[in-house]
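Asks: Keeping their order, the protein sequence lines are chains X and Y. So in the numbering used here, spot 307 of the first sequence is number 465, and the numbers just go up one at a time. So in the numbering used here, spot 27 of the second sequence is number 30, and the numbers just go up one at a time. Backbone N, C-alpha and C define an ideal beta-carbon position, used for all residues, glycine too.
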Amino acid sequence: MTDPRPGSTSDSATPPDTHEAARRPSYGQRRRDRIDALATAGVDEEPGVSLIRSAWNRLRRNPVFLLGLAITIAFVVLAIVAPWIAPWDPTDRPLLPKVRPQTNPVPGPEPGHPLGGDDRGRDLLSRLIVGSRQTLIVGVFATLFGLLGGLVLGTLAGAIGGWVDSFVMRVVDVMLSFPSLLLAFTIASLARSPSQWTLIVAIAVVQVPIFARLLRGSLLAQRTSDHVLAARSLGVRRRAIVFRHMLPNALGPVIVQATLSLAIAIIDAAALSFLGLGNPDQRQPEWGQMLGLAQRYISEAPHLAFYPAGCIIVVALGFTLMGESLREALDPKSRR
Amino acid sequence: MLRFVLRRLIQMVFVVLVLSMLLFVWLRSLPGGPVSAILGERQTTERRLALEAALGLDQPLPVQYLKFMERAVQGEFGTSTKVLPGEDALVVFWSRLPATVELTLLALFIAITLAIPLGYIAARRVGSLSDTSAVIFSLIGVAVPVFFTAFLLKYFFAVEWQVLPVSGRQTTGLDATRVTGLFVLDGLLTREWDASWDALKHLILPALALATIPFSVIFRITRASVLDVLDEDYVRTAEAKGLTAKVIRGRHVLRNAMLPVVTTIGLQVGGLLAGAILTETVFSYRGVGDALATSFREKDYAVLQVLILATAVIYVLVNLLVDIAYAVLDPRIRTR
């Protein structure tokens with residue numbers, strides 16, 4: 159699946175990295191190496207077949223990838239059309255008359271409400287369907303912001319080099335050496351009041367160093383490659399080289415990482431919501447939030463937790479399967 | 004070696020100092036910080052100002068920070084308001100630490116004893132049905148949020164079948180002698196077998212839930228590492244020499260494949276600490292993780308600050324120890 163040996167795939171392709179040459183492999187190192195291996199994957203291409211085409215040819219026949227893709231497409235479509243297909247408004251409380259705090263705190267299934275209601279008499283199925291939206295928003299925006307931050311830092315480091323590179327990478331390495339969920343927890347708990355956006359920012363910050371390192375590695379690997387040399391000898395300005403010739407080539411590994419990051423972002427968001435660091439507004443249902451609220455009814459109505467958790471697991475699995483098979487497809491080592 | 008350790012120590016002090024400053028500034032800039040938390044409903048402007056003056060919160064931030072550091076050096080980190088009212092925040096940390104140590108050690112033990120044999124078997128039968136299913140299982144393990152695993156275990160074993168306790172570290176009212184603070188060990192030392200057994204029963208479910216985090220990682224690393232070693236020339240040489248399968252397996256394959264695994268195991272601490280916040284919350288298990296979540300919820304900032312700092316220090320220290328251990332274990336690293 160993944161390559162555990164530090165630097166095993168990147169030894170030949172990564173240029174010497176002076177300020178890290180003396181360092182021992184550690185967890186941070188391992189994470190860094192994994193990112194670096196991904197960054198240099200696919201730089202040396204066999205002639206004739208484009209990277210995307212050869213990757214696609216293998217992916218098309220990979221059942222794991224297709225399963226991940228199917229789950230992901232279904233999830234995204236559901237999130238987009240959610241408000242129109244949800245049978246009830248997620249804030250309506252049609253089952254409120256059935257709620258009896260003492261005897262029947264959570265109304266069960268009945269015609270029109272296939273999954274029953276929650277403790278406030280709201281339709282559970284509708285909340286699950288609409289909840290996919292918030293989950294998608296949090297996952298996508300957290301990854302997007304992380305990607306943007308990483309893009310800026312990584313491009314600065316990889317394109318300018320010198321002391322800018324050393325400084326940026328020091329900061330990135332310190333961030334990478336922290337357990338990601340703990341870092342996200344710290345950032346989220348520093349917010350003035352928890353909301354959807356503090357959640358997104360907390361998770362995005364954790365993603366920034368990963369993308370930064372990935373992009374820098376990819377840019378460094380390309381610096382001495384033929385197409386960049388050719389562009390430079392033609393007198394193309396540095397800015398144009400970076401934006402037109404180097405960055406587009408770095409996109410493959412970034413897409414892989416973004417896919418994996420989406421899964422992690424969704425799981426982390428659920429974990430933070432569960433701890434009460436997410437959006438407290440119940441008018442906007444979110445799976446992690448629903449799971450956190452379900453804790454109170456563990457003995458009476460465990461299904462309140464099972465449904466949102468099942469959704470989170472399936473979606474996270476979809477992104478993970480897709481990302482892992484993309485990573486394999488882009489890895490020159492697996493191309494025997 | 005000494006230089007390497009020193010450099011890492013200095014780096015650690017630097018990281019912790021920066022982190023403490025950031026935490027300090029952010030926590031103090033929160034609206035209605037500790038003062039409103041203490042006063043609650045009885046808040047008036049007069050009382051507020053008086054309390055702020057008493058706590059030194061009316062002085063400029065740099066002055067406050069220096070005073071904080073001055074007291075911190077003397078071992079005083081501010082008084083807890085909610086988690087253990089009246090006690091120093093550091094006392095809270097020390098009182099909670101044994102519980103988390105016990106939990107993470109058992110979780111790590113469970114993960115190691117399951118993951119290494121399974122990873123080895125999977126690698127020996129690479130591509131087979133058992134290998135593929137084990138790999139998919141470990142991917143699912145990544146996608147299932149740890150707090151949901153905890154929730155499931157709690158629901159089935161504690162609520163539904165009632166074979167294990169629902170929450171806490173010990174049955175209330177049980178009178179046991181304390182020696183180390185590690186409840187299971189205490190019982191063994193003082194020969195209070197029933198106390199030891201009781202503590203162990205409380206530990207099993209949270210530890211099982213927490214073990215899923217390192218399990219997936221250790222399993223995948225072991226599998227990939229054994230696969231790599233099986234490809235090595237010296238294994239082929241050993242086979243050509245006619246050594247028995249048992250000798251090759253034990254002396255050549257396993258021993259070499261264990262190196263990356265050992266590092267990974269030590270470095271699971273980060274994930275375990277983050278996971279402990281979630282599992283301890285689900286099981287109301289009074290450890291550091293539960294204290295972190297509680298101090299955030301109850302706005303007990305002195306405690307929150309110390310716990311985040313202490314967790315960071317533990318994490319960096321363990322990283323350092325593992326790096327040293329790795330250098331000792333693998334001569335190739337020392338000479339590089």
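Which value, in whole angstroms, describes the spacing of the CA atoms of F151(Y) and R397(X)?
Replies: Sequence index remark: in the second sequence, residue 151(Y) carries index 148 (1-based). Sequence index remark: in the first sequence, residue 397(X) carries index 239 (1-based). Each residue's Cα considered, the two are about 48 Å apart.
Asks: Residues of chain Y with a CB under 9 Å from the CB of I470(X): which are they?
Replies: Along the first sequence, one-based indexing puts residue 470(X) at 312. Correct list: A146, V147, P148 and F151.
Asks: Just list the alpha helix (DSSP H) runs in the stretch 361-447 of chain X, keeping only unbroken ones of 4 residues or longer that don't cross its boundaries, in chain order.
Replies: The qualifying runs are 384-391 and 409-432.
Asks: Take the Cβ of E105(Y) as the centre, count every other Cβ of all protein chains shown within 10 Å, and call the residue buried at 16 or more, exposed below.
Replies: Counting from one through the second sequence, the residue named residue 105(Y) turns up at place 102. That one is buried.
Asks: Could you tell me which residues DSSP pairs with T82(Y) in its beta bridges?
Replies: Within the second sequence, residue 82(Y) is the residue found at index 79, counting from 1. Partner(s): D91(Y).
Asks: Got a sec: is the Cβ-Cβ distance from I221(Y) to anything in chain X below 8 Å?
Replies: Your numbering for residue 221(Y) matches position 218 in the second sequence. Answer no: the Cβ-Cβ gap between I221(Y) and chain X never drops below 8 Å.
Asks: V162(Y) touches chain X at which residues, Cβ-Cβ below 9 Å?
Replies: In the second sequence, residue 162(Y) corresponds to position 159, counting from 1. By Cβ distance, chain X contributes I456, S457 and P460.
Asks: Quick test of the definition: if touching needs 3 or more C-beta pairs under 8 Å, does the stretch 209-217 of chain Y touch the stretch 95-111 of chain Y?
Replies: Cβ pair count under 8 Å is three or more, so yes.
Asks: State the start and end residues of the unbroken alpha helix (DSSP H) segment that holds W196(Y).
Replies: Within the second sequence, the letter at position 193 stands for residue 196(Y). Taken as a continuous stretch (DSSP letters only), the alpha helix (DSSP H) holding W196(Y) covers W196 to L233.
Asks: Can you give the Cα-Cα distance for F464(X) and I425(X), rounded to whole angstroms?
Replies: Locating residue 464(X) in the first sequence gives position 306, where the first residue counts as 1. Locating residue 425(X) in the first sequence gives position 267, where the first residue counts as 1. Near 15 Å, if we compare the C-alpha coordinates of I425(X) and F464(X).
Asks: Helix, strand or coil for E482(X) per DSSP?
Replies: Residue numbering aside, residue 482(X) sits at position 324 when the first sequence is read from its first letter. Helix at E482(X).
Asks: Quick check: what's the CA-CA separation for P263(Y) versus G481(X)?
Replies: Here residue 263(Y) corresponds to residue number 260 of the second sequence, with the count starting at 1. Here residue 481(X) corresponds to residue number 323 of the first sequence, with the count starting at 1. One C-alpha to the other measures close to 24 Å.
Asks: Three Cβ pairs or more, each shorter than 8 Å: is that satisfied between the stretch 311-322 of chain X and the stretch 361-380 of chain X?
Replies: The answer is yes - the stretch 361-380 of chain X touches the stretch 311-322 of chain X, with three or more Cβ pairs under 8 Å.
Asks: Establish whether the CB of L20(Y) and some CB of chain X are separated by less than 8 Å.
Replies: In the second sequence, residue 20(Y) corresponds to position 17, counting from 1. No - not a single Cβ of chain X is within 8 Å of the one on L20(Y).
Asks: When the distance is taken between beta carbons, is I287(X) closer than 8 Å to A240(X)?
Replies: On the first sequence, position 82 is the one that residue 240(X) refers to. On the first sequence, position 129 is the one that residue 287(X) refers to. Yes, Cβ-Cβ distance for A240(X) and I287(X) is below 8 Å.
Asks: With 16 other CB atoms within 10 Å as the buried threshold, where does V166(Y) fall?
Replies: As a working note, residue 166(Y) is residue 163 in the second sequence. Exposed: under 16 other Cβ atoms inside 10 Å.
Asks: Y123(Y) touches chain X at which residues, Cβ-Cβ below 7 Å?
Replies: As a first step, residue 123(Y) is located in the second sequence; it is residue number 120 there, counting from the start. Within chain X, no residue comes near Y123(Y); the closest Cβ sits about 14 Å away, beyond 7 Å.
Asks: Sort out for me which residues DSSP pairs H271(X) with in a bridge.
Replies: In the first sequence, residue 271(X) corresponds to position 113, counting from 1. H271(X) is bridged to E268(X).
Asks: If the cut-off is 8 Å on Cβ atoms, which residues from the stretch 423-441 of chain X count as contacting chain Y, listed in chain order?
Replies: Answer in chain order: I425, A428, A429, F432, L433, G434 and L435.
Asks: How many Å lie between P255(X) and G279(X) at the Cα?
Replies: Locating residue 255(X) in the first sequence gives position 97, where the first residue counts as 1. Locating residue 279(X) in the first sequence gives position 121, where the first residue counts as 1. So the alpha carbons of these two residues sit roughly 8 Å apart.
Asks: Quick one, which of L488(X), H385(X), L420(X) and M448(X) has its alpha-carbon nearest A300(X)'s?
Replies: Here residue 300(X) refers to the residue found at position 142 when the first sequence is read from its first residue. Measuring from the Cα of A300(X), the nearest candidate turns out to be L420(X).
Asks: Applying a beta-carbon distance threshold of less than 8 Å, which residues of chain X neighbour A277(Y)?
Replies: On the second sequence, residue 277(Y) is found 274 positions in, with the first residue counted as 1. The answer, in chain order, is P337, S338, L339, L340 and F343.
Asks: For D281(X), list the residues DSSP reports as bridge partners.
Replies: Residue numbering aside, residue 281(X) sits at position 123 when the first sequence is read from its first letter. Looking at the DSSP assignment, D281(X) forms a beta bridge with G275(X).
Asks: Would you decide whether G512(X) is buried or exposed? Buried here means 16 or more other CB atoms lie within 10 Å of its CB.
Replies: Outside the modelled stretch of chain X, which goes from 159 to 494, sits residue 512(X), for which no answer is possible.
Asks: Straight-line CA distance for L302(X) to G476(X)?
Replies: As a working note, residue 302(X) is residue 144 in the first sequence. As a working note, residue 476(X) is residue 318 in the first sequence. So the two alpha carbons sit approximately 18 Å from each other.
Asks: Using a Cβ-Cβ distance under 8 Å, would V364(X) count as near chain Y?
Replies: Looking up residue 364(X) in the first sequence gives position 206. Output row for V364(X): interface = no.
Asks: Which residues, in order along the stretch 307-320 of chain Y, keep a beta-carbon less than 9 Å from a beta-carbon of chain X?
Replies: Taking 9 Å as the Cβ-Cβ cut-off against chain X, the residues of the stretch 307-320 of chain Y that qualify are L307, I311, T314, A315, Y318 and V319.
Asks: So, helix, strand or coil for Q165(Y), using DSSP?
Replies: Taking the second sequence and counting its residues from 1, one reaches residue 165(Y) at position 162. DSSP places Q165(Y) in coil when its eight states are reduced to three.
Asks: Counting pairs of beta carbons, one from the stretch 272-280 of chain Y and one from the stretch 306-326 of chain Y, are three or more of them closer than 8 Å?
Replies: Touching, per the Cβ criterion.
Asks: Taking DSSP as the reference, what is the three-state secondary structure of I317(Y)?
Replies: Along the second sequence, read from residue 1 onward, the residue named residue 317(Y) stands at position 314. In the structure shown, I317(Y) sits in a helix (DSSP, three-state: H, G or I).
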